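See structure below.
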Amino acid sequence: MADARPVVKGRSGGMCERCGRERATDMHHRQLRRHGDHLPANLVHLCRTCHNAVHADPAKAELAGFIVPSWANPRQRPIKHSVWGRVRLDDDGGWVLAA
1 MADARPVVKG RSGGMCERCG RERATDMHHR QLRRHGDHLP ANLVHLCRTC HNAVHADPAK
61 AELAGFIVPS WANPRQRPIK HSVWGRVRLD DDGGWVLAA
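With UniProt numbering, letter number 73 in the sequence shown gets 73, and the count goes up by one each step, no holes.
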């Protein structure tokens, strides 16, 4: 994950990718660490409040793409980004709009 952190931080610009209002402090694995990889498409940069909210309501977080089931590919699951809307994340630190 160490190599992915700078890429994810660059993508977020230091702001929470969920709410867009707070400084991002936490790296969140969309697909939990025991199932997923440490690549940028599987990581989002969140503020502590949003990170706690994601884990407090996993069903809601899954609908917004912040939790990805173990059988799914994080690169194919869009997130509801605070600024860009529904986007698919890539491993280069970029994103594409999701249909």
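Even glycine gets a Cβ: it sits at the ideal position worked out from N, Cα and C. Computed from a predicted structure; not experimentally measured.
- Taking Pro78 as the centre and dropping the five residues before and after it, the same chain places the C-beta of Gly65, Arg86, Val87, Arg88, Ala98 closer than 7 angstroms to its C-beta, in chain order.
- Selection Trp71, Gly94, Gly13 evaluated against Leu46 yields Gly13 as nearest (Cα-Cα).
- Here Pro6 is exposed: its Cβ has fewer than 16 other Cβ atoms, across all protein chains shown, within 10 Å.
- Pro40 counts as buried, since at least 16 other C-beta atoms from the protein chains shown sit within 10 angstroms of its C-beta.
- Trp84 is not bridged by DSSP to any residue.
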